[in-house]
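First comes the structure, then the notes that go with it.
Number of protein chains: 2
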Amino acid sequence: MEAPRFGNAFLLAQVGAHAATRFTERIGELDLTPAQVGLLRLVASRPGQSQQALAKQLGTPATRLVPLVDGLEKRGLIERRRNAEDRRLYALELSQDGRELMGQVARTAASHERTITAVLTDDERALLHDLLTKIADDQGLTPGVHPGYARGRLS
Amino acid sequence: MEAPRFGNAFLLAQVGAHAATRFTERIGELDLTPAQVGLLRLVASRPGQSQQALAKQLGTPATRLVPLVDGLEKRGLIERRRNAEDRRLYALELSQDGRELMGQVARTAASHERTITAVLTDDERALLHDLLTKIADDQGLTPGVHPGYARGRLS
DNA sequence: TATTGTTATACTCTATAACTATA
DNA sequence: TATAGTTATAGAGTATAACAATA
């Protein structure tokens, strides 16, 4: 009945924090933060949503989206279009530059994925993916949105 | 060649952040923060070290240890003893109350572990532990210290 | 009056650098 | 002079509440 020195929960937190830190470094090469990538990904998958709707999905106060969208708009990655039916709302969409940048983000993420799981065989990768998906599902986590976004640095 | 929608790296970050958040909540019931637990664990495993030495092991500036130790000392969980040989140094040790609290922390961590991996079988838990340990080792992570401690909230 | 987006304010947390006491 | 611990200061990041425009 000798328990392992460090349990799965601790290892998950440790390895997860490492993966998140490394990813932050990698997308930093594209001059992006995790919060920016999270927003861009959301806008890419469901264009035309209001800032309030996006804030709710990211689990963050709407006020945080203002400087976040500001920065991306100034760089020409995202566009604020007025909704003709309700002029209070914006409809956020990616620009052409934004779509191209998301292609680079996808390549960076794929490279990051290979780095993190470099020590595993293909079978082990599939196994890990299965186990993690089971836990994420059981714990009620939303696919594609991780809690860290709620308190990630903006700038 | 269809890649999975979300890779292992993302799942690790997502599940890891969830595990860390839940653990923070659980030890919050003991009125402790992750940074405090990290320090207490270090002092418990290697008593008598100076604040500078502890700061280096936690990867945090020594100035952050001052209010951290202050709070634990006021609560009677930790003791600052002057080193007789070099009166500049403190030798930090747990009090009896501190040792008893660490027992509660260990029970909380065990309960947390069961909650996070509730959906897995015993075989799957062992498998996950093996895969995570492989990655942690390959990525050069220090056992028992995760990067999140470097920027955990103190109070 | 209710809601979207914005701005302003206060608060928390952190790091850098200056200070003291010992060596 | 060098080092351990402390204090002071300034900076970044966040959330809460107040505001203007539109419904």
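In order, the protein sequence lines correspond to chains A and B.
In short: position in the first sequence from 1, add 723, done, that's our numbering.
In short: position in the second sequence from 1, add 723, done, that's our numbering.
Built from N, CA and C at the ideal position, the CB exists for glycine as well.
Look up A:Arg804 in the DSSP assignment and say whether it is helix, strand or coil. strand
Note down, in chain order, each residue of its chain lying with its Cβ closer than 7 Å to the Cβ of A:Ala726, except the 5 sequence neighbours on either side. Because A:Ala726 sits at a pLDDT of 47, beneath the cut-off of 50, its placement in the model cannot be relied upon, and the following sentence gives the value as read from the coordinates. Nothing meets the Cβ criterion.
Using a 10 Å radius around the Cβ and a threshold of 16 neighbouring Cβ atoms, would you call A:Ala807 buried or exposed? exposed
Whole-angstrom distance between A:Val760 and B:Leu824, CA atom to CA atom: 41 Å
Output needed for A:Arg804: all residues of its chain with C-beta closer than 7 Å, excluding positions within five of it in sequence on either side, in chain order. Tyr813, Ala814, Glu816
CB contact check: B:Gln780 to chain A, cutoff 8 Å: Not one chain A Cβ lies under 8 Å of B:Gln780.
Considering just the uninterrupted stretch of the alpha helix (DSSP H) at A:Glu816, what are its terminal residues? DSSP places A:Glu816 outside any alpha helix (DSSP H); the residue lies instead in the beta strand (DSSP E), whose first and last residues are 813 to 817.
Start-to-end residues for the alpha helix (DSSP H) that takes in A:Pro757: Counting along the chain, the unbroken alpha helix (DSSP H) around A:Pro757 starts and ends at 757 to 768.
Assign A:Val766 to buried or exposed, taking buried as 16 or more other Cβ atoms, counted over all protein chains shown, within 10 Å of its Cβ. buried
Proximal residues to B:Asp860 (C-beta, below 6 Å), its chain only, five neighbours per side dropped: none
Residues in its own chain within less than 6 Å of A:Arg703 by CB, not counting five upstream and five downstream? Coverage of chain A is limited to positions 724 through 878, which leaves residue 703 of chain A absent and any answer about it impossible.
Just list the alpha helix (DSSP H) runs in the region 826 to 869 of chain B, keeping only unbroken ones of 4 residues or longer that don't cross its boundaries, in chain order. 845 to 861
Measuring only the C-alpha atoms, how far is A:Ala736 from B:His741? Roughly 8 Å between the two C-alpha positions.
Scan the region 841 to 867 of chain A for residues whose Cβ lies nearer than 8 Å to a Cβ of chain B and list them as they occur along the chain. Ala841, Val842, Leu843, Glu847, Arg848, Leu850, Leu851, His852, Leu854, Leu855, Thr856, Lys857, Ile858, Ala859, Asp860, Asp861, Gln862, Leu864, Pro866, Gly867
From B:Ile839 to B:Ser773, what distance separates their C-alpha atoms? Each residue's Cα considered, the two are about 35 Å apart.
Sorted by chain position, which residues of the same chain lie with C-beta nearer than 7 Å to A:Gly799's C-beta, five sequence neighbours on each side aside? Ser818, Asp820
Measuring only the C-alpha atoms, how far is A:Pro866 from A:Val828? 18 Å
Would you verify that the beta carbon of B:Asn806 is, or is not, closer than 8 Å to some beta carbon of chain A? no
Can you tell me where the alpha helix (DSSP H) holding A:Gly739 begins and where it ends? Per DSSP, A:Gly739 belongs to the alpha helix (DSSP H) from 731 to 751.
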